[in-house]
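A.B. asks: Below you will find the structure I want to go over with you.
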Amino acid sequence: MNARIAALLALLFGTGAAQADCARTDYRDQSFTYCEARATDDIRLFLFANETQVYGNFRNIDEALSRDGKKLAFAMNGSMYHPNRSPVGLYIEEGEEVSRIVTSEGPGNFGLLPNGVFCIEEGRFTLIESRRFDANRPDCRYAAQSGPMLVIDGGYHPRFIHDSDSRLIRNGVGVSADGTRAFFVISNGPVNFYEFARFFREYLALPQALYIDGNVSRLHAPGLRRSDWGTLLGPIVGKVVDARAPSN
Numbered sequence: 015m016n017a018r019i020a021a022l023l024a025l026l027f028g029t030g031a032a033q034a035d036c037a038r039t040d041y042r043d044q045s046f047t048y049c050e051a052r053a054t055d056d057i058r059l060f061l062f063a064n065e066t067q068v069y070g071n072f073r074n075i076d077e078a079l080s081r082d083g084k085k086l087a088f089a090m091n092g093s094m095y096h097p098n099r100s101p102v103g104l105y106i107e108e109g110e111e112v113s114r115i116v117t118s119e120g121p122g123n124f125g126l127l128p129n130g131v132f133c134i135e136e137g138r139f140t141l142i143e144s145r146r147f148d149a150n151r152p153d154c155r156y157a158a159q160s161g162p163m164l165v166i167d168g169g170y171h172p173r174f175i176h177d178s179d180s181r182l183i184r185n186g187v188g189v190s191a192d193g194t195r196a197f198f199v200i201s202n203g204p205v206n207f208y209e210f211a212r213f214f215r216e217y218l219a220l221p222q223a224l225y226i227d228g229n230v231s232r233l234h235a236p237g238l239r240r241s242d243w244g245t246l247l248g249p250i251v252g253k254v255v256d257a258r259a260p261s262n
């Protein structure tokens, strides 16, 4: 059974790895960790802890959630951000637009069009190219823009180079065709854009995937006994569960 068929069967029927939220796997001699969320899960974006401070790390979010009897099942950095930790491009939290969408080409990976928007709607995940999103906006409770797109309608970003030597630890998000599942992925070693996109397209069999960031990429996965640490982050995306729930 090849990896694409195995991933499709997992999407249709579920697997132990899916039920465990996060799993580590090797594909084409490279290592990745991915965490699966369903549209019925409590997936949120986190930025400001109060009016002047960002959460900045997973521990601060867990401490805030604990006051309501909640915790993070998993989390990772959720979009690109400026030096002051404010988001680059569109950012929506609890239905409030904090930062406006950017649809023009620009410097860096974010401006490598087409880029896209990851949107958490009521009962559905959406991942749309930014200009299409801006022309016909879904009702997002949470949304974050980043770029470039990794997989677009089942195809690779047109500017990716198969054998590029630009390799970093990278993270991103992909969404199933029916919008019921999202996969948050981090490479466990340096990969280029094409190699990273290939994992979404071939292994996870996802038609849409978006690059979140590289070099600062971090994952919190208590079930894998992993919680990456470093300088303060900007937006963070994570799955919230009851504090009494086991760490799968």
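To convert a position in the sequence shown, counted from 1, into my numbering, add 14. From the three backbone atoms N, C-alpha and C, an ideal C-beta is built for every residue, glycine too. These numbers were taken from a predicted model, which means no experiment stands behind them.
When you compare only the Cα positions, how much space is there between G30 and T39?
C.D. replies: Here residue 30 corresponds to residue number 16 of the sequence shown, with the count starting at 1. Here residue 39 corresponds to residue number 25 of the sequence shown, with the count starting at 1. Caution applies to G30, whose pLDDT of 38 falls short of 50 and renders its modelled position unreliable; the model cannot decide the point.
A.B. asks: Round the Cβ separation of Y156 and I106 to the nearest angstrom and send it over; I've been treating them as touching at under 8 Å.
C.D. replies: Here residue 156 is taken as the residue at index 142 of the sequence shown, counted from 1. Here residue 106 is taken as the residue at index 92 of the sequence shown, counted from 1. Right, the Cβ-Cβ distance comes to about 6 Å (below 8 Å), so this counts as a contact.
A.B. asks: In terms of DSSP beta bridges, what is A223 paired with?
C.D. replies: By 1-based counting over the sequence shown, the position of residue 223 is 209. DSSP links A223 through a beta bridge to V165, G188.
A.B. asks: Taking the CB atoms as reference points, tell me whether G125 and G169 lie closer together than 8 Å.
C.D. replies: If you number the sequence shown from 1, residue 125 lands on position 111. If you number the sequence shown from 1, residue 169 lands on position 155. No, the Cβ-Cβ distance between G125 and G169 is not below 8 Å.
A.B. asks: Give the single residue among T47, R232, L104, A211 whose Cα lies nearest to the Cα of S118.
C.D. replies: The count along the sequence shown starts at 1 and reaches residue 118 at position 104. Among T47, R232, L104, A211, the Cα nearest to that of S118 is on L104.
A.B. asks: Report the rounded CA-to-CA distance for G130 versus A196, giving the unit in angstroms.
C.D. replies: In the sequence shown, the residue the question calls residue 130 occupies position 116. In the sequence shown, the residue the question calls residue 196 occupies position 182. In a straight line, the C-alpha of G130 is about 15 Å away from that of A196.
A.B. asks: Does the beta-carbon of T246 have 16 or more other beta-carbons within 10 angstroms, so that it is buried, or is it exposed?
C.D. replies: Sequence index remark: in the sequence shown, residue 246 carries index 232 (1-based). Here residue 246 is Leu; the residue named in the question, Thr, does not match the sequence. So L246 counts as exposed.
A.B. asks: Short of 6 Å in beta carbon distance, which residues of its chain neighbour N229, apart from the five on each side in sequence? Order them along the chain.
C.D. replies: As a working mapping, residue 229 is identified with position 215 in the sequence shown. Excluding residues within five positions, the ones whose Cβ falls inside 6 Å are L182.
A.B. asks: I need the straight-line Cα distance from E111 to M163, nearest angstrom please.
C.D. replies: The residue you call residue 111 lines up with position 97 of the sequence shown. The residue you call residue 163 lines up with position 149 of the sequence shown. Roughly 22 Å separates the two Cα atoms.
A.B. asks: According to DSSP, simplified to helix, strand and coil, what is F213?
C.D. replies: In the sequence shown, counting from the first residue as 1, residue 213 sits at position 199. Note: F213 maps to helix in three-state DSSP.
A.B. asks: What first and last residue would you give for the beta strand (DSSP E) that runs through L127?
C.D. replies: Within the sequence shown, residue 127 is the residue found at index 113, counting from 1. Unbroken run through L127: none, as it is neither H nor E.
A.B. asks: Take the Cβ of L26 as the centre, count every other Cβ of all protein chains shown within 10 Å, and call the residue buried at 16 or more, exposed below.
C.D. replies: Against the sequence shown, residue 26 aligns to sequence position 12. Any reading at L26 needs caution, since the residue's pLDDT is 48, under 50, leaving its predicted position unreliable; the model's value is listed next. So L26 ends up on the exposed side.
A.B. asks: For the 8 Å Cβ check, are there 3 or more pairs between the segment 220-238 and the segment 172-190?
C.D. replies: yes
A.B. asks: Which two residues bound the contiguous beta strand (DSSP E) that contains I57?
C.D. replies: Position 43 of the sequence shown, counted from the first residue, corresponds to residue 57. It spans 56-60 - the beta strand (DSSP E) in which I57 sits, taken as one unbroken run.
A.B. asks: Using 8 Å for Cβ pairs, my map puts F88 next to H234. What's the rounded Cβ distance?
C.D. replies: Against the sequence shown, residue 88 aligns to sequence position 74. Against the sequence shown, residue 234 aligns to sequence position 220. The Cβ separation is near 6 Å, so the contact holds.
A.B. asks: Considering only residues of the same chain and omitting the five flanking positions on each side of N206, which have a CB-CB separation below 6 Å?
C.D. replies: Position 192 of the sequence shown, counted from the start, is the residue given in the question as residue 206. Within the same chain, N206 has close Cβ partners S178, S180, R181.
A.B. asks: Could you check the C-alpha separation between H96 and S113 for me, to the nearest Å?
C.D. replies: Within the sequence shown, numbered from 1, the residue matching residue 96 stands at position 82. Within the sequence shown, numbered from 1, the residue matching residue 113 stands at position 99. For H96 and S113, the distance between alpha carbons rounds to 12 Å.
A.B. asks: Need the endpoints of the alpha helix (DSSP H) that E77 sits in, please.
C.D. replies: Counting from 1 along the sequence shown, the entry for residue 77 is found at position 63. From DSSP, the alpha helix (DSSP H) with E77 extends over 72-80.
A.B. asks: Buried or exposed for H176, going by 16 or more other Cβ atoms inside 10 Å?
C.D. replies: To locate residue 176, count along the sequence shown from 1; it is residue 162. H176 comes out exposed.
A.B. asks: What distance in whole Å lies between the Cβ atoms of L238 and T47, which are believed to be in contact at a cut-off of 8 Å?
C.D. replies: For the purposes of this step, residue 47 is taken as residue 33 along the sequence shown, with counting starting at 1. For the purposes of this step, residue 238 is taken as residue 224 along the sequence shown, with counting starting at 1. In this structure T47 is in contact with L238, their Cβ atoms being roughly 7 Å apart against a cut-off of 8 Å.
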